[in-house]
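First up is the structure itself, then whatever we jot down about it.
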């Protein structure tokens with residue numbers, strides 16, 4: 001579609017500028033039509049190749065390219081080269097519509113797949129967060145138990161130190177009484 005857009009813009013500029021005689025204009029249109037046809041055939045062949053490999057997107061784009069190619073050729077032949085009556089050359093917009101709708105369908109499929117993956121990642125992330133939260137709760141509980149044990153041990157050490165000091169004080173008083 002990008003190549004086709006470039007062709008359309010160049011042809012539009014040539015038509016609006018009206019700087020070329022009609023013969024050169026028809027020759028340029030023939031060249032651009034040939035390039036357009038070649039690019040569409042290349043894109044169609046490559047999409048058919050991948051469609052045969054089982055890719056659904058390639059099947060959809062093959063249908064869209066085929067419609068654009070068929071309707072586009074009929075329109076160009078009728079409008080630019082007068083091979084078919086000019087009043088019948090209004091099929092190109094329909095081909096472009098089918099092509100754009102096929103692109104929309106492909107984009108919608110990719111959006112659905114991305115949304116599905118996002119939901120899966122979200123569930124996986126929620127599971128990991130829950131596991132990590134549980135792990136942190138367990139570690140927090142273990143730390144609280146350790147803190148409680150340390151506080152208990154500290155209290156026992158303080159008591160032992162007090163008893164030791166009291167024993168030394170008593171021994172000192174007893175020594176003084178003896179003296």
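Numbering (our numbering), first residue to last: 1 to 179. Using N, Cα and C, we set each Cβ at its ideal position, and we do this for glycine too. Since this is a predicted model, take the numbers as computed values, not measurements.
Own chain, CB closer than 8 Å to residue i, minus 5 neighbours either side, in chain order
i          : result
residue 48 : 58, 62
residue 99 : 1, 64, 65, 67, 68
residue 56 : 109
Residue i burial status per 10 Å Cβ neighbour count (16 or more: buried)
i           : result
residue 172 : exposed
residue 30  : exposed
residue 34  : exposed
residue 165 : exposed
residue 184 : Past the edges of the chain, shown from 1 to 179, lies residue 184, and the structure says nothing about it.
residue 107 : exposed
residue 40  : buried
Residue i beta carbon near the ligand SAH (any heavy atom closer than 7 Å)
i           : result
residue 100 : As for the ligand SAH, it is missing from this structure, which has no ligand bound.
Residue j beta carbon less than 8 Å from that of residue i
i           : j           : result
residue 180 : residue 10  : No answer is possible for residue 180: the residues shown for the chain start at 1 and end at 179.
residue 129 : residue 95  : no
residue 60  : residue 105 : yes
residue 72  : residue 92  : yes
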